[in-house]
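**Student:** For the sequence shown, the working numbering assigns the number 270 to the last residue and increments by one with no breaks. Take this structure first; my questions come after.
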Amino acid sequence: MYPQEIMPNVYWGFYGGKYRTLEAFIEEVKRYNEDFGIRWNPDETVFEGAALTVQFAYWDEEDDEETEEDFDLHADKGAFTAGELLFKIHNHVVEKLEDDDRHFFEGLTLWEGEDYANSKTPLYFLNQGS
């Protein structure tokens with residue numbers, strides 16, 4: 141029912157702070173992917189649902205341990221385009237990931253195990269690389 145993988149072939153790094161506008165973000169991601177010979181389509185619908193939950197991991201300096209955090213995202217128009225989804229993920233995680241070793245986007249993978257705390261929306265793991 142939900143896609144197993146979302147944007148596995150999109151290149152991006154979570155650093156440089158938050159973006160103020162979707163347009164500025166899209167231009168940067170396009171430029172970044174062009175350096176790898178990839179033509180990224182920010183207008184492609186990548187998730188047909190209106191909401192999803194994303195989980196990511198980061199190193200918590202205060203607790204001196206790896207921490208997992210999840211957050212909900214809601215599509216502006218009932219479905220997520222590649223640009224909108226990556227923009228919202230970036231702005232949510234960048235402050236915790238920009239100094240982390242694993243701060244590169246490697247797509248999203250659907251969780252298919254038992255229900256999780258907020259099982260009203262599908263849960264996707266943020267695949268992070270270094």
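Backbone N, C-alpha and C fix where the C-beta goes; we use that ideal spot for every residue, glycine too.
1) Quick check: the segment 199 to 213 against the segment 156 to 174, are at least 3 beta-carbon pairs closer than 8 Å?
2) Cα-Cα, which of H214, A219 and Y159 is closest to N231?
3) Relative to the alpha-carbon of R179, which residue among L192, T185, K170 and V186 has its alpha-carbon at the smallest distance?
4) Look at the Cβ atom of E188, then the Cβ atom of A219, and state whether they are nearer than 7 Å.
5) Rounding to the nearest angstrom, what Cα-Cα distance links N149 and E254 in this structure?
6) Confirm, please, whether the CB-CB distance from A222 to P182 is below 7 Å.
7) Taking all protein chains shown into account, decide if E224 is buried (16 or more other Cβ within 10 angstroms of its Cβ) or exposed.
8) Per DSSP, W199 is paired with what?
9) Is it buried or exposed, F176, if we count other Cβ atoms within 10 angstroms and call 16 or more buried?
10) When DSSP builds the beta bridges, which residues end up paired with F302?
11) What ranges does the beta strand (DSSP E) occupy inside the segment 164 to 197, keeping only unbroken runs of at least 3 residues that lie completely in it?
12) Just to confirm the assignment, what range does the alpha helix (DSSP H) spanning G253 have?
13) Compute the distance between the beta-carbons of F245 and Q195, then report whether it is under 7 Å.
14) From A215, I229 and V233, pick the residue whose C-alpha is nearest to that of W199; which is it?
**Tutor:** On the basis of the supplied data:
1) no
2) Y159
3) K170
4) yes
5) 27 Å
6) yes
7) buried
8) E206
9) exposed
10) Missing from the structure shown is residue 302; the chain here goes from 141 to 270 and no further.
11) 185 to 187
12) It is not in any alpha helix (DSSP H) - G253 carries neither H nor E in the DSSP assignment.
13) no
14) V233
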